[in-house]
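J.:
Structure follows, in structure tokens:
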């Protein structure tokens, strides 16, 4: 008698359930089999959403598989939305919970270079949010942040800036990751738009940029990093530009103050920040990497003011080695960019 054989999708589903039910749950293998099954058969919407969330959570710019994860998350989300038959361009109060899934899909479209699709989806969501302001929308700021990033990449800086400033205006204490990100990106946009201007410390445009970056520094929250750390470094660079690139003494003074601001425990906010390093190891790794960049910059600046040739050479060598170490294993694109810039500037402040 011939045994009944399961078809391939059924085998994948059986293995998916088996890996989840096993004593040592193997989420990675379970997800692989569920995704394989979803390629050839319809699976439950809840399982598609679980799959999308799983691959979205695996996203990591440093991973060689980041593109694959983004593709799978996007594919699973699109199948989930199709299976629910929701009109994504006309949500109602019963389909409002789909807002988060749509925003996540737009974010994935951006990562995959699908800019036209991303902008169309975000603009549709924004229109709906504005037409029904009394509904319990939860992603308005995230929509504006993603849309601003897309507009900025398209060269529509003024439009992007307006959206970013709207986010900051709604949360001036910049406590959330979205509002902190918006504050940093609006400052960066302004620096880019006004790079051609001859600004001074008391110029209104410069004052606005410095104030926004300083607020980010003062309102530091480890959970939001590296936003506050990058704002601090942008502050140093912009202030140095205003003072004059040859002013190594001034840059050293600003760097030393920044270092103290991040390391001290004199106030409640600073104590919370330092204590959080014990419970947020990934954020602590970022903190240490950015502080290493600041320390290397301090060494570099000290070398420029050192009159003793041997001591100057030693400081420059220490700075160069530290920067090369950061550049060889950068945790973020920003760290790589800044380490490379400083290495190029080793012959001048």
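Residue numbers (our numbering): 515 to 863.
Idealized CB from N, CA, C, for every residue including glycine.
Nothing here was measured: the structure is a model prediction, and the numbers come from that model.
Does the contact criterion of 3 or more C-beta pairs under 8 Å hold for the stretch 759-779 versus the stretch 713-723?
T.: no
J.: Near residue 715, which residues of its chain fall below 6 Å by C-beta distance, leaving aside the five closest residues on each side in sequence?
T.: As a first step, residue 715 is located in the chain shown; it is residue number 201 there, counting from the start. Within the same chain, residue 715 has close Cβ partners 756.
J.: CB-CB under 7 Å to residue 788, same chain, minus the five flanking residues each way: which ones, in chain order?
T.: Here residue 788 is taken as the residue at index 274 of the chain shown, counted from 1. Within the same chain, residue 788 has close Cβ partners 779.
J.: Does the separation of the CB atoms of residue 681 and residue 852 fall below 8 Å?
T.: By 1-based counting over the chain shown, the position of residue 681 is 167. By 1-based counting over the chain shown, the position of residue 852 is 338. Going by C-beta atoms, residue 681 is not nearer than 8 Å to residue 852.
J.: So, does the stretch 738-746 touch the stretch 797-811, judging by three or more C-beta pairs under 8 Å?
T.: yes
J.: Report the rounded CA-to-CA distance for residue 526 versus residue 567, giving the unit in angstroms.
T.: Here residue 526 refers to the residue found at position 12 when the chain shown is read from its first residue. Here residue 567 refers to the residue found at position 53 when the chain shown is read from its first residue. One C-alpha to the other measures close to 19 Å.
J.: Alpha carbon to alpha carbon, what distance is there between residue 584 and residue 626?
T.: Here residue 626 refers to the residue found at position 112 when the chain shown is read from its first residue. Here residue 584 refers to the residue found at position 70 when the chain shown is read from its first residue. Computed Cα separation, rounded: 7 Å.
J.: Nearest-angstrom Cα distance between residue 574 and residue 844?
T.: What you label residue 574 is simply residue 60 of the chain shown in a count that begins at 1. What you label residue 844 is simply residue 330 of the chain shown in a count that begins at 1. Rounded to the nearest angstrom, the two C-alpha atoms are 13 Å apart.
J.: My assumption, with CB atoms under 8 Å, is that residue 810 sits in contact with residue 753. Please give the rounded CB distance.
T.: For this step, residue 810 is matched to residue 296 along the chain shown. For this step, residue 753 is matched to residue 239 along the chain shown. Not quite, the Cβ-Cβ distance comes to about 18 Å (not below 8 Å), so this is no contact.
J.: With DSSP collapsed to three states, give me the class of residue 805.
T.: The count along the chain shown starts at 1 and reaches residue 805 at position 291. If DSSP states are grouped into helix, strand and coil, residue 805 belongs with the helices.
J.: By Cβ distance, which residues of its chain are closer than 6 Å to residue 663, with the 5 residues on each side in sequence left out?
T.: What you label residue 663 is simply residue 149 of the chain shown in a count that begins at 1. Cβ neighbours of residue 663 beyond the five flanking positions: none.
J.: CA-CA distance, residue 518 and residue 524?
T.: Here residue 518 is taken as the residue at index 4 of the chain shown, counted from 1. Here residue 524 is taken as the residue at index 10 of the chain shown, counted from 1. Any answer about residue 518 is weak, because its pLDDT of 49 lies below 50 and its placement is not dependable; what the coordinates show is given next. Approximately 12 Å, taken between the alpha carbons.
J.: Return the residue from the list 660, 774, 725 that minimises the CA-CA distance to residue 622.
T.: Numbered from its first residue, the chain shown carries residue 622 at position 108. Considering only alpha carbons, the answer is 660.
J.: Can you tell me whether residue 555 is buried or exposed, with buried defined as 16 or more other CB within 10 angstroms of its CB?
T.: Here the question's residue 555 lines up with position 41 in the chain shown. Exposed, since its Cβ has fewer than 16 Cβ neighbours within 10 Å.
J.: Could you give the C-beta distance for residue 529 and residue 547, rounded to a whole number, given that I count them as a contact under 8 Å?
T.: Here residue 529 refers to the residue found at position 15 when the chain shown is read from its first residue. Here residue 547 refers to the residue found at position 33 when the chain shown is read from its first residue. Correct: roughly 4 Å between the Cβ atoms.
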